[in-house]
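Asks: First, the structure itself, so that you have it in front of you.
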Amino acid sequence: MHYHKSLLKKLKEECFGIYYDYRKIAFVFFCYSLLGTGLILGTSSFLDEDVTFHHTTDKEQDSQEKEPETIATEATASKNQSIQDVLDKIKSHTTSYSLTGNTPESGKEAFPDSAKDSQKDAQESTAATAAKDKDSNKKEENSYKSSKNREKNTKPYRISDYSKKELEILERIVEAEAGDQTLKGRMMVAHVVLNRVASDEFPDTIKKVVFQKNKTTYQFSPIKDGRYYDVKISKKTKKAVAKAFESSDLTDGALYFMSRSGSSKKNIKWFDSSLTRITSYGCHEFFK
């Protein structure tokens, strides 16, 4: 019995010892697990870097081990590709100039033949249109001027446009200048006065035309020498003035007239050198 108790006690002691040994073993195993995990992770990272390093090194080595002919071929291809890129850029630049209608800085035209023809046709069409418009405007302007001239030339010939006083002034100057001429000769003098009224170069009334004075010189000598005030208006002169309003201009637009027998050499020289002789009738010559 004593022996049995001793055996049980011994067994119990051994079992507790084993229990404590298992705790130690578990702790040691845990520590080794952590160490192993760290070693595994470190080794994997090292291996990856090594693989990358060796991979890069292999590429460089392969590049270095290429044959000289292969290197030359690749260099030529690269050069040709660069030249082609430059040509493509130049072509694109030229095309952009063609589309915008500009020329490169070199001053040479970059238009294709078709673009040149189209531009030329457009320019010719524009020029033709402009010329047509110009001609049309010119015709309209000339038509307007002709209309205004006709209006000016016909307006003075309407006797209703003038007062009785102005008609008397016209009759008096015609009597003083052409009282010894025929009916036609008197009408032509009246037409010169009316042409001056219609002209922009002279005053616009009969009175102002007849009494016009340049400095000290009167346009009509009867005003200067006083004959204008002394004459008596004849029926023939009245008739001539009345017919002047009814007929067309017998002087063809004359603005001046003179009698060589009654003019000074200085005046005759001025008429001949400065004016254009249109016609003559009786003792008078008519100028423009």
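For the sequence shown, the positions run 5 to 292 when my numbering is used. Ideal Cβ positions, reconstructed from N, Cα and C, are used throughout, including at glycine.
Quick one: measure Cβ to Cβ for N218 and G257, integer angstroms, because I've assumed they're closer than 8 Å.
Replies: For the purposes of this step, residue 218 is taken as residue 214 along the sequence shown, with counting starting at 1. For the purposes of this step, residue 257 is taken as residue 253 along the sequence shown, with counting starting at 1. 21 Å between Cβ atoms; not a contact.
Asks: Helix, strand or coil: how does DSSP classify Y232 here?
Replies: In the sequence shown, the residue the question calls residue 232 occupies position 228. Y232 falls in the helix class under three-state DSSP.
Asks: List the residues that DSSP assigns as beta-bridge partners of N218.
Replies: Along the sequence shown, read from residue 1 onward, the residue named residue 218 stands at position 214. Looking at the DSSP assignment, N218 forms a beta bridge with T221.
Asks: Following the continuous beta strand (DSSP E) through F290, name the residue where it begins and the one where it ends.
Replies: The residue you call residue 290 lines up with position 286 of the sequence shown. Taken as a continuous stretch (DSSP letters only), the beta strand (DSSP E) holding F290 covers 288-291.
Asks: Can you confirm whether the segment 253-271 touches the segment 235-243 when touching is taken to mean that 3 or more C-beta pairs between the two stretches lie within less than 8 Å?
Replies: No: fewer than three Cβ pairs fall under 8 Å.
Asks: To the nearest angstrom, how far is it from the Cα of K236 to the Cα of A180?
Replies: Within the sequence shown, numbered from 1, the residue matching residue 236 stands at position 232. Within the sequence shown, numbered from 1, the residue matching residue 180 stands at position 176. Those two C-alpha atoms are separated by around 9 Å.
Asks: Does the Cβ-Cβ distance between L279 and V196 come in under 8 Å?
Replies: Here residue 279 refers to the residue found at position 275 of the sequence shown. Here residue 196 refers to the residue found at position 192 of the sequence shown. Their beta carbons are not under 8 Å apart, which means L279 does not touch V196 by this criterion.
Asks: Given G286, which residues of its chain have a CB within under 7 Å of its CB, disregarding the five upstream and five downstream residues?
Replies: For this step, residue 286 is matched to residue 282 along the sequence shown. Here the set comprises Q185, T186, G189.
Asks: Which value, in whole angstroms, describes the spacing of the CA atoms of E128 and Q223?
Replies: Position 124 of the sequence shown, counted from the first residue, corresponds to residue 128. Position 219 of the sequence shown, counted from the first residue, corresponds to residue 223. Approximately 55 Å, taken between the alpha carbons.
Asks: Start and end of the beta strand (DSSP E) containing F261?
Replies: As a first step, residue 261 must be located in the sequence shown, where it is residue number 257. It spans 260-262 - the beta strand (DSSP E) in which F261 sits, taken as one unbroken run.
Asks: May I ask you to report which of helix, strand or coil DSSP gives S267?
Replies: Counting from one through the sequence shown, the residue named residue 267 turns up at place 263. Correct three-state label for S267: coil.
Asks: At which residues does the beta strand (DSSP E) containing R301 begin and terminate?
Replies: Since the first and last residues shown for the chain are 5 and 292, residue 301 lies out of range.
Asks: I think K247 touches M191, with their Cβ atoms under 8 Å apart; what is that distance to the nearest whole Å?
Replies: Locating residue 247 in the sequence shown gives position 243, where the first residue counts as 1. Locating residue 191 in the sequence shown gives position 187, where the first residue counts as 1. Their Cβ separation, rounded to whole angstroms, is 6 Å, which keeps K247 and M191 in contact under 8 Å.
Asks: If you drop the 5 nearest sequence neighbours on each side, which residues of the same chain put their C-beta closer than 6 Å to that of A182?
Replies: To locate residue 182, count along the sequence shown from 1; it is residue 178. Hits under 6 Å: G189, R190, V193.
Asks: Which value, in whole angstroms, describes the spacing of the CA atoms of K211 and K168?
Replies: Sequence index remark: in the sequence shown, residue 211 carries index 207 (1-based). Sequence index remark: in the sequence shown, residue 168 carries index 164 (1-based). So the two alpha carbons sit approximately 12 Å from each other.
Asks: By the 10 Å Cβ neighbour count, where 16 or more other Cβ atoms means buried, how is F31 classified, buried or exposed?
Replies: Within the sequence shown, residue 31 is the residue found at index 27, counting from 1. The residue in question, F31, is exposed, as its Cβ has fewer than 16 Cβ neighbours within 10 Å.
Asks: In this structure, how does DSSP classify Y36 when only helix, strand and coil are distinguished?
Replies: The residue labelled residue 36 in the question sits at position 32 within the sequence shown. Correct three-state label for Y36: helix.
Asks: Pull up the CB-CB distance for F249 and I163, whole angstroms please, since I reckon it's below 8 Å.
Replies: Taking the first residue of the sequence shown as position 1, residue 249 is located at position 245. Taking the first residue of the sequence shown as position 1, residue 163 is located at position 159. The pair is a contact, with the Cβ atoms about 4 Å apart (cut-off 8 Å).
Asks: Ignore the nearest five residues each way along the sequence and tell me which others in S263's own chain have a CB closer than 7 Å to its CB.
Replies: Your numbering for residue 263 matches position 259 in the sequence shown. Within the same chain, S263 has close Cβ partners C287, H288.
Asks: If I follow the unbroken alpha helix (DSSP H) through R162, where does it start and stop?
Replies: One-based indexing of the sequence shown puts residue 162 at position 158. R162 -> no alpha helix (DSSP H), and no H or E assigned at all.
Asks: Where do the N-terminal and C-terminal ends of the alpha helix (DSSP H) with L187 fall, by residue?
Replies: As a first step, residue 187 must be located in the sequence shown, where it is residue number 183. Segment 187-202, the alpha helix (DSSP H) holding L187.
Asks: So, using beta-carbon positions, are Y232 and R281 closer together than 8 Å?
Replies: As a first step, residue 232 is located in the sequence shown; it is residue number 228 there, counting from the start. As a first step, residue 281 is located in the sequence shown; it is residue number 277 there, counting from the start. No, these two residues do not count as a Cβ contact at 8 Å.
Asks: What span of residues does the alpha helix (DSSP H) with F249 cover, start to end?
Replies: Sequence index remark: in the sequence shown, residue 249 carries index 245 (1-based). Its alpha helix (DSSP H) spans residues 239-250.
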